[in-house]
Amino acid sequence: MNTKTTDSPQLKRTLGPLMLWGLGVGYVISGMYFGWNLGLEKGGTLGLAVATFFIIIMYLAFTFSYTELACAIPKAGGAFDYALRALGKNWGFLGGMAQNIEFIFAPPAIAFAIGAYLNIFIPSVSILLIAVIAYLVFTGLNIYGVRAAASFELVITVIAVLELLIFAGAAMPHFEWQNLTHNPLPNGWAGAFAAIPFAIWFFLAIEGVANVAEETVNPQRNVLIGFGSAILTLVILCILTFSSAVGINGWESIVFPSAGAEASDSPLPLAMAHAVGESHILYHLVTSIGLFGLVASFHGIILAAGRATFEFGREGFAPAALGKVNKRFHTPANALVFNMGVGVVALLTGKTGEIITIACFGALTLYIVSMVSLLVLRQKEPDLERPFKVPLYPFAPIVALVIASVALVAITVYNFQLALIYVGILVVSFGWFKWAK
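In the numbering used here, the protein residues as written are 360 to 796.
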């Protein structure tokens, strides 16, 4: 195995709290625009609402617990670095690999959604080609420089947030409470467990803020501000989007475009069509600006994924070439290109729903390993400088740990074949890791 590289340039510290807020919200915000409504088919309004309630609790507890780790150990590897320090190389590898799977597998699903969206306007260009072009463009932007990438992310994130607020404002005059209570649990309480991956999709990848801690000015202060403001913004947007979209005409109308049709990935345009009609300017506004939400998450997760893979290579857990910083741009160019290659291969499968679920497996494993790392480090290194300590310790990390563990069991039960694929990726990669040492 290659050992840690020490002769390459260092990452630049250029990010402040506003940029971190933009990244944190941007990583996640596509989950408000598409995908979450598929959980309504599984659990109905009540089933998805209950699943989302517990997932919100998990993410609040997790985010502030993870912030303690990010401020104490501000390195690009995030969960990988925390687990490596707390639990040793084997668990460090597991945490890092889970993080890589989450961050590398989420962008292909979003790229496919971008391709499908733009294909409506330019049907002569295939969905797959648009998705591949998107990968090339945004990987190139990330290679060019983190400040340029983060500035772009901030702009499109602000636009995407404003669009969600406009949608909620336009929807509320048409809101009726009985639409939230109609057929609330179509598949019984089992449906609430089946809806968990789609509740997670509301917040998936918020932890990517930690992966740019090494490029943040005064990370011990600014990571807390960026993380905290991002998760609170996302919780508010989640509640607004969920309630206003379903409240217009019931959950079936934002899942199925028509009777007997396949489930749609476009809940907000469907909701607006019922509220104001397809000819109204608000419908076209929601439909057109919705692309910004997809681009924000796609671009942002590519950025975080590059840092996670870079750290894996820099610490000798993957080929050393992945752990090198580009001398001209001071960005992890090799890692970004590698991740793009894997993402394009995943795109070719055409299995976006399955790709999302595999990303959720990685995320939940990351959350579990990270919370265990926090608990262990409190005992193992009580004198470690911790500029921020999670409130309600140890209650907060334990709550996050328990909910993440239950969620992991639930999505394994309902997606057993995908669970086997996920475990297979971990086993094969771990075998390579041990053999190559």
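Cβ atoms here follow ideal geometry from the backbone N, Cα and C, with glycine treated the same way. If you're wondering where the values come from, they're calculated on a predicted model, not measured in any experiment.
Checklist entry - According to the neighbour-count rule (16 or more other Cβ atoms, all chains shown, within 10 Å of its Cβ), is Leu751 buried or exposed? => result On the sequence shown, position 392 is the one that residue 751 refers to. Burial call: exposed.
Next on the checklist: Can you give me the C-alpha to C-alpha distance between Gly790 and Leu495, rounded to a whole angstrom?
Outcome noted: As a position in the sequence shown, residue 790 is number 431, starting the count at 1. As a position in the sequence shown, residue 495 is number 136, starting the count at 1. Spanning the two alpha carbons is a distance of roughly 31 Å.
Checklist entry - Can you tell which of Ile388, Leu405 and Ser424 has its C-alpha closest to the C-alpha of Val735? => result For the purposes of this step, residue 735 is taken as residue 376 along the sequence shown, with counting starting at 1. Answer by Cα proximity: Ser424.
Item to check | Where the alpha helix (DSSP H) through Ser656 begins and ends | outcome: Position 297 of the sequence shown, counted from the start, is the residue given in the question as residue 656. Element bounds for Ser656: Ile640 to Arg673.
Item to check | Buried versus exposed call for Val772 [16 or more other C-beta atoms within 10 Å across all chains shown] | outcome: Position 413 of the sequence shown, counted from the start, is the residue given in the question as residue 772. Classification for Val772: exposed.
Item to check | Reference Phe393; option with closest CA among Ala408, Pro753, Ala558 and Leu446 | outcome: If you number the sequence shown from 1, residue 393 lands on position 34. Measuring from the Cα of Phe393, the nearest candidate turns out to be Ala558.
Checklist entry - When the distance is taken between beta carbons, is Ala410 closer than 8 Å to Ala549? => result Residue numbering aside, residue 549 sits at position 190 when the sequence shown is read from its first letter. Residue numbering aside, residue 410 sits at position 51 when the sequence shown is read from its first letter. At least 8 Å separates the beta-carbon of Ala549 from that of Ala410.
Next on the checklist: Taking the straight line between their C-alpha atoms, what separation do you get for Ile648 and Leu599?
Outcome noted: In the sequence shown, counting from the first residue as 1, residue 648 sits at position 289. In the sequence shown, counting from the first residue as 1, residue 599 sits at position 240. The C-alpha of Leu599 is placed about 18 Å away from the C-alpha of Ile648.
Item to check | Bridge partner(s) assigned by DSSP for Thr575 | outcome: Here residue 575 corresponds to residue number 216 of the sequence shown, with the count starting at 1. Checking the DSSP bridge columns, you'll see Thr575 partnered with Leu374.
Checklist entry - Candidates Ile661, Lys448, Thr716 and Ser588: which alpha carbon is nearest Ile502's? => result Walking along the sequence shown from the start, residue 502 turns up at place 143. For the set Ile661, Lys448, Thr716 and Ser588, the Cα lying nearest the Cα of Ile502 is the one of Ile661.
Item to check | Residue interval of the alpha helix (DSSP H) (run including Gly402) | outcome: As a working mapping, residue 402 is identified with position 43 in the sequence shown. It spans Leu397 to Ala431 - the alpha helix (DSSP H) in which Gly402 sits, taken as one unbroken run.
Item to check | Selected residue, minimal CA-CA separation from Phe562, among Ala663, Ser623 and Ala722 | outcome: On the sequence shown, residue 562 is found 203 positions in, with the first residue counted as 1. It is Ala722 whose Cα lies nearest to the Cα of Phe562.
Checklist entry - So what's Thr362 in DSSP terms, helix, strand or just coil? => result The residue given as residue 362 occupies position 3 in the sequence shown. Any reading at Thr362 must be qualified, since the residue scores a pLDDT of 45, below 50, and its modelled position is unreliable; the value itself is stated next. Residue state, collapsed to three classes: coil.
Checklist entry - For Leu382 versus Gly659, is the C-beta distance shorter than 8 Å? => result Start at 1 with the first residue of the sequence shown, and residue 382 comes out as number 23. Start at 1 with the first residue of the sequence shown, and residue 659 comes out as number 300. Yes; because the gap between Cβ atoms is below 8 Å, this pair is in contact.
Item to check | Nearest neighbour of Glu621, chosen from Gly436, Glu611, Gly499 and Ala457 [CA to CA] | outcome: Taking the first residue of the sequence shown as 1, we reach residue 621 at position 262. The option with the nearest alpha carbon to Glu621 is Glu611.
Checklist entry - Does the Cβ-Cβ distance between Leu591 and Phe747 come in under 8 Å? => result Locating residue 591 in the sequence shown gives position 232, counting from the first residue. Locating residue 747 in the sequence shown gives position 388, counting from the first residue. Against a cut-off of 8 Å, the Cβ pair of Phe747 and Leu591 comes out as no contact.
Next on the checklist: Counting C-beta neighbours from all protein chains within 10 Å, is the total for Ile415 16 or more, i.e. buried, or is it exposed?
Outcome noted: Taking the first residue of the sequence shown as position 1, residue 415 is located at position 56. Residue burial annotation: Ile415 is buried, with at least 16 other C-beta atoms found within 10 angstroms of its C-beta.
Item to check | Ile460 versus Ala755: straight-line alpha-carbon distance, rounded | outcome: On the sequence shown, position 101 is the one that residue 460 refers to. On the sequence shown, position 396 is the one that residue 755 refers to. Spanning the two alpha carbons is a distance of roughly 25 Å.
Next on the checklist: I'd like the list of long-range same chain contacts for Glu400, defined as Cβ closer than 7 Å, with 5 residues on each side in sequence excluded.
Outcome noted: For this step, residue 400 is matched to residue 41 along the sequence shown. In the same chain as Glu400, and ignoring 5 residues on each side of it, the C-beta atoms closer than 7 Å to its own belong to Val614 and Ala622, in chain order.
Item to check | Length of the line joining the Cα atoms of Val387 and Ala564 | outcome: Locating residue 387 in the sequence shown gives position 28, counting from the first residue. Locating residue 564 in the sequence shown gives position 205, counting from the first residue. Approximately 6 Å between the Cα atoms of the pair.
Item to check | CA-to-CA distance, Leu767 to Phe720, given in whole angstroms | outcome: The residue you call residue 720 lines up with position 361 of the sequence shown. The residue you call residue 767 lines up with position 408 of the sequence shown. One alpha carbon belongs to Phe720, the other to Leu767, and they sit about 7 Å apart.
Item to check | C-beta contact flag for Tyr642 and Pro626 at 8 Å | outcome: Locating residue 642 in the sequence shown gives position 283, counting from the first residue. Locating residue 626 in the sequence shown gives position 267, counting from the first residue. No, the Cβ-Cβ distance between Tyr642 and Pro626 is not below 8 Å.
Checklist entry - Buried or exposed: Gly402, going by 16 or more other Cβ atoms within 10 Å of its Cβ? => result Reading the sequence shown from its first residue, position 43 is the one you call residue 402. Classified as buried, Gly402 has 16 or more neighbouring CB atoms from the shown chains inside 10 Å of its CB.
Checklist entry - Mapping DSSP to helix, strand and coil, what is Val772? => result Here residue 772 refers to the residue found at position 413 when the sequence shown is read from its first residue. In the displayed model, Val772 falls within a helix according to three-state DSSP.
Next on the checklist: Ignoring anything shorter than 3 residues, give me the beta strand (DSSP E) runs that lie fully in the region 705-753, in order along the chain.
Outcome noted: Here no run is fully enclosed.
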